[in-house]
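Visitor: Residue numbers (this note's numbering): 8 to 599. Just so it is clear, CB atoms sit at the ideal spot from N, CA and C, and this is done for glycine as well.
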């Protein structure tokens with residue numbers, strides 16, 4: 008029997024860990040050969056149908072999530088028509104909590120609920136050997152028109168969990184996922200992890216050995232799928248210490264953690280790791296105590312704030328904080344206060360998400376209690392609650408878009424540091440920006456990167472106290488912090504003159520200057536160097552400070568957010584440049 012497991016991801020860079028785990032487990036434990044087939048929702052339905060048809064499976068499984076289930080629902084009936092005798096099973100969180108409905112609406116033969124490694128293997132054996140399906144754990148199926156549900160499989164011994172990547176072929180240019188533990192110690196009612204009881208771990212020695220394979224291969228990023236990686240502080244610390252001790256200088260590891268659980272020892276240690284080694288995602292979700300109680304979330308916001316500030320002190324960790332709009336008891340104003348709190352912690356990413364009423368979650372069960380309305384189709388996103396009408400939710404959608412464009416992109420950091428305080432509160436800044444953009448008819452207008460700068464400038468100049476020159480120089484800094492721009496907008500301030508350009512070339516031609524500041528560019532001529540890096544003069548330091556400065560942007564070296572490495576050159580090094588500018592009282596073209 009030809010067995011195929013299909014994973015349909017949201018993007019090409021993602022992969023479906025589940026299908027690879029099931030295939031490898033079945034082979035290692037039972038000698039069952041199965042093939043994983045990867046697709047994305049961005050491929051056409053016809054292309055996926057054709058690929059699966061050509062694989063000619065006798066048993067075909069789909070890993071079902073909110074992003075791919077509508078596509079799976081359409082694919083299964085077509086596949087069963089063109090492949091007579093095909094048997095299809097479904098697994099994953101989207102079908103585990105309503106298996107009967109999944110069988111009915113797709114025409115699939117089986118649903119495997121919950122953990123799939125052992126149930127999948129046992130299903131394959133039963134179909135191969137003709138043994139009773141009643142012995143397959145976690146299986147739902149129809150027999151003679153009668154719905155049958157088997158008892159769930161016992162939790163898997165994670166010491167048996169396979170490492171799925173082999174020689175890493177087929178995973179080039181993808182995020183690689185890794186699972187060190189299952190379960191969650193918390194009971195958050197919007198999350199399916201609340202349905203698990205307890206947390207199970209792989210043996211830490213096994214985890215270390217498998218992580219070493221990522222390090223040896225020099226992969227770019229490994230993303231842990233564990234819901235609360237630091238649920239056991241000793242386990243987390245052992246893994247973090249191993250990764251720091253064996254750091255290859257390249258690989259980045261992403262963890263979802265609970266900030267309040269970090270210990271003083273862990274904070275001290277984390278301040279010492281290489282910049283770029285770790286990135287943390289921390290779910291804040293809300294700062295409203297009534298909301299947190301309603302969703303059974305325990306949170307010490309003051310401790311969380313102290314922890315995040317401590318993590319930020321080292322400037323070596325990428326921090327991602329989450330908020331969820333549409334939770335019970337949180338209206339528009341309350342969400343604004345939650346936003347201000349999280350924004351004030353200055354994470355590298357502020358994810359403003361919207362509640363999804365997931366099948367099996369406590370909030371879906373209790374939706375009527377809070378007046379929660381949601382879309383009938385996946386991803387079941389909230390439409391309104393007793394506290395948050397649809398109109399307010401639309402306003403938050405506009406704010407979310409601007410937060411992604413302007414804050415999470417990291418491209419406007421200096422500009423936002425200047426502008427946001429002028430609005431009084433971070434939430435007010437983005438709220439009013441969204442209203443201004445809508446009134447100007449720009450909400451749906453196509454825009455280039457320079458258009459985004461232009462819109463921000465136009466809006467910024469409406470704020471009380473905004474000085475065009477102060478904003479303009481910060482925007483110039485933001486632009487060059489990411490790329491050497493060939494074409495600059497007319498409104499952008501800057502120094503320029505033939506004498507200044509000649510003085511800059513003189514610095515680039517100076518061997519001592521190049522050895523000290525640009526040793527990696529030794530092979531380039533001065534003319535080539537001028538096209539590769541950026542040396543720019545500013546009447547003040549856009550990162551803080553009121554003295555004139557010269558900044559050297561090196562685009563081969565970048566920080567965790569993709570910003571060029573910036574060197575602040577001492578005044579004695581750049582005196583020939585300064586003497587050619589109005590900063591020394593000379594006449595020069597200066598655009599504002």
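What would DSSP say about residue 186, mapped onto helix, strand or coil?
Guide: Position 179 of the chain shown, counted from the start, is the residue given in the question as residue 186. In the three-state DSSP reduction, residue 186 falls in the coil class, being neither helix nor strand.
Visitor: Whose C-alpha, out of 278, 216 and 443, is nearest the C-alpha of residue 464?
Guide: As a position in the chain shown, residue 464 is number 457, starting the count at 1. For residue 464, the closest alpha carbon among the candidates 278, 216 and 443 is that of 443.
Visitor: For residue 66 and residue 41, I'd like the C-alpha separation in whole angstroms.
Guide: For the purposes of this step, residue 66 is taken as residue 59 along the chain shown, with counting starting at 1. For the purposes of this step, residue 41 is taken as residue 34 along the chain shown, with counting starting at 1. Whole-angstrom Cα-Cα distance: 9 Å.
Visitor: Quick one: give me the first and last residue of the alpha helix (DSSP H) that residue 208 is part of.
Guide: As a working mapping, residue 208 is identified with position 201 in the chain shown. First-last for residue 208: 206 to 208, but that is the beta strand (DSSP E), not the alpha helix (DSSP H).
Visitor: Does the separation of the CB atoms of residue 162 and residue 122 fall below 8 Å?
Guide: Stepping through the chain shown from its first residue, residue 162 is reached at position 155. Stepping through the chain shown from its first residue, residue 122 is reached at position 115. Yes. Within cutoff.
Visitor: Less than 8 Å separating the beta-carbons of residue 292 and residue 331?
Guide: As a position in the chain shown, residue 292 is number 285, starting the count at 1. As a position in the chain shown, residue 331 is number 324, starting the count at 1. In contact: residue 292 and residue 331 (Cβ atoms closer than 8 Å).
Visitor: So, residue 131 versus residue 10, is the Cβ gap smaller than 8 Å?
Guide: What you label residue 131 is simply residue 124 of the chain shown in a count that begins at 1. What you label residue 10 is simply residue 3 of the chain shown in a count that begins at 1. Result yes, Cβ atoms of residue 131 and residue 10 sit closer than 8 Å.
Visitor: Less than 8 Å between the CB atoms is what I'm expecting for residue 118 and residue 134, so what's the real figure, rounded?
Guide: Counted from its first residue, the chain shown places residue 118 at position 111. Counted from its first residue, the chain shown places residue 134 at position 127. The Cβ separation is near 15 Å, so there is no contact.
Visitor: Buried or exposed: which applies to residue 27, given that a residue is buried once 16 or more other Cβ atoms fall within 10 Å of its Cβ?
Guide: In the chain shown, residue 27 corresponds to position 20, counting from 1. The residue is buried, with at least 16 neighbouring Cβ atoms inside 10 Å.
Visitor: For residue 120, count the other beta carbons within 10 Å of its own beta carbon; 16 or more makes it buried, fewer makes it exposed. Which is it?
Guide: Along the chain shown, read from residue 1 onward, the residue named residue 120 stands at position 113. Looking at its Cβ environment, which holds 16 or more other Cβ atoms inside 10 Å, residue 120 is buried.
Visitor: Is residue 47 helix, strand or coil by DSSP?
Guide: The sequence position of residue 47 within the chain shown is 40, counting from 1. Here residue 47 sits in strand by DSSP.
Visitor: Run through DSSP, which three-state label would residue 226 get?
Guide: Residue 226 sits at position 219 when you count from the first residue of the chain shown. In the structure shown, residue 226 sits in coil (DSSP, three-state: anything other than H, G, I, E or B).
Visitor: Between the Cα of residue 193 and the Cα atoms of 143, 272 and 306, which residue gives the shortest distance?
Guide: On the chain shown, position 186 is the one that residue 193 refers to. Nearest option by C-alpha distance: 306.
Visitor: Under the three-state reduction of DSSP, which class applies to residue 556: helix, strand or coil?
Guide: Working through the chain shown from its first residue, we reach residue 556 at position 549. Three-state result, residue 556: strand.
Visitor: What are the uninterrupted segments assigned as alpha helix (DSSP H) that are 4 or more residues long and contained completely in the segment 86 to 137, given in chain order?
Guide: You should have 100 to 103, 106 to 113 and 124 to 136.
Visitor: Kindly indicate which three-state DSSP category residue 15 falls into: helix, strand or coil?
Guide: Counted from its first residue, the chain shown places residue 15 at position 8. Strand.
Visitor: Where does residue 494 sit, in a helix, a strand or coil, going by DSSP?
Guide: By 1-based counting over the chain shown, the position of residue 494 is 487. In this structure, residue 494 counts as coil in the three-state DSSP scheme.
Visitor: Of the choices 515, 525, 585 and 559, whose alpha-carbon is the least far from that of residue 503?
Guide: One-based indexing of the chain shown puts residue 503 at position 496. It is 585 whose Cα lies nearest to the Cα of residue 503.
Visitor: Let's see if you can read the secondary structure: which residues bound the beta strand (DSSP E) around residue 572?
Guide: Taking the chain shown and counting its residues from 1, the one referred to as residue 572 is at position 565. It spans 571 to 576 - the beta strand (DSSP E) in which residue 572 sits, taken as one unbroken run.
Visitor: Distance, Cα to Cα, residue 398 vs residue 542?
Guide: For the purposes of this step, residue 398 is identified with residue 391 of the chain shown, where counting begins at 1. For the purposes of this step, residue 542 is identified with residue 535 of the chain shown, where counting begins at 1. Rounded to whole angstroms, residue 398 to residue 542 spans 48 Å at the Cα level.
Visitor: What did DSSP end up calling residue 253 once you bin it into helix, strand or coil?
Guide: To locate residue 253, count along the chain shown from 1; it is residue 246. Three-state result, residue 253: coil.
Visitor: Got a sec? Which residues, its chain only, sit under 6 Å from residue 572 by beta carbon, not counting five neighbours each side?
Guide: In the chain shown, counting from the first residue as 1, residue 572 sits at position 565. Only 561 and 564 meet the Cβ criterion.
Visitor: Any heavy atom of the ligand FMN within a distance shorter than 7 Å of the CB on residue 578?
Guide: Because no ligand of any kind appears in the structure shown, any question about the ligand FMN cannot be addressed here.
Visitor: Comparing C-alpha positions only, which one of 200, 159, 386 and 317 sits nearest to residue 78?
Guide: Along the chain shown, read from residue 1 onward, the residue named residue 78 stands at position 71. Looking at the Cα atoms, 386 is the closest of the given residues.
Visitor: Considering only residues of the segment 302 to 372, which uninterrupted alpha helix (DSSP H) runs meet the minimum length of 4 residues and lie entirely inside it, listed in chain order?
Guide: 308 to 320, 339 to 351 and 369 to 372
Visitor: Which value, in whole angstroms, describes the spacing of the CA atoms of residue 550 and residue 468?
Guide: Here residue 550 corresponds to residue number 543 of the chain shown, with the count starting at 1. Here residue 468 corresponds to residue number 461 of the chain shown, with the count starting at 1. When rounded, the distance between both Cα atoms is 20 Å.
Visitor: Quick test of the definition: if touching needs 3 or more C-beta pairs under 8 Å, does the segment 173 to 193 touch the segment 219 to 226?
Guide: Flag = yes, the segment 173 to 193 and the segment 219 to 226 touch.
Visitor: Determine the direct distance from the alpha carbon of residue 506 to that of residue 423, and round the result to whole angstroms.
Guide: Translated into positions along the chain shown, residue 423 becomes position 416. Translated into positions along the chain shown, residue 506 becomes position 499. Spanning the two alpha carbons is a distance of roughly 33 Å.
Visitor: Note down the Cα distance separating residue 540 from residue 279, rounded to an integer number of angstroms.
Guide: Sequence index remark: in the chain shown, residue 540 carries index 533 (1-based). Sequence index remark: in the chain shown, residue 279 carries index 272 (1-based). When rounded, the distance between both Cα atoms is 30 Å.
Visitor: Tell me whether the segment 293 to 300 and the segment 336 to 353 touch, counting them as touching only if at least three CB pairs, one residue from each stretch, are closer than 8 Å.
Guide: yes
Visitor: Decide if residue 20 is buried, meaning its Cβ has at least 16 other Cβ atoms within 10 Å, or exposed.
Guide: One-based indexing of the chain shown puts residue 20 at position 13. So residue 20 ends up on the exposed side.
Visitor: Can you tell which of 351, 166, 82 and 383 has the C-alpha that lies nearest to the C-alpha of residue 428?
Guide: Counting from 1 along the chain shown, the entry for residue 428 is found at position 421. Closest option to residue 428, Cα to Cα, is 351.
Visitor: Within 10 Å of its beta-carbon, does residue 75 have 16 or more other beta-carbons around it, so buried, or fewer, so exposed?
Guide: Along the chain shown, one-based indexing puts residue 75 at 68. It is buried - the Cβ of residue 75 has at least 16 other Cβ atoms within 10 Å.
Visitor: Since residue 436 is in the alpha helix (DSSP H), which residue starts that stretch and which ends it?
Guide: Start at 1 with the first residue of the chain shown, and residue 436 comes out as number 429. Taken as a continuous stretch (DSSP letters only), the alpha helix (DSSP H) holding residue 436 covers 433 to 446.
Visitor: To the nearest angstrom, report how far apart residue 595 and residue 501 are at their CA atoms.
Guide: As a working note, residue 595 is residue 588 in the chain shown. As a working note, residue 501 is residue 494 in the chain shown. Its pLDDT being 38, under 50, residue 595 is placed unreliably in this model, and the coordinates cannot settle the point.
Visitor: Evaluate the contact criterion for the segment 247 to 260 versus the segment 206 to 222: three or more CB pairs, one atom per stretch, below 8 Å.
Guide: yes
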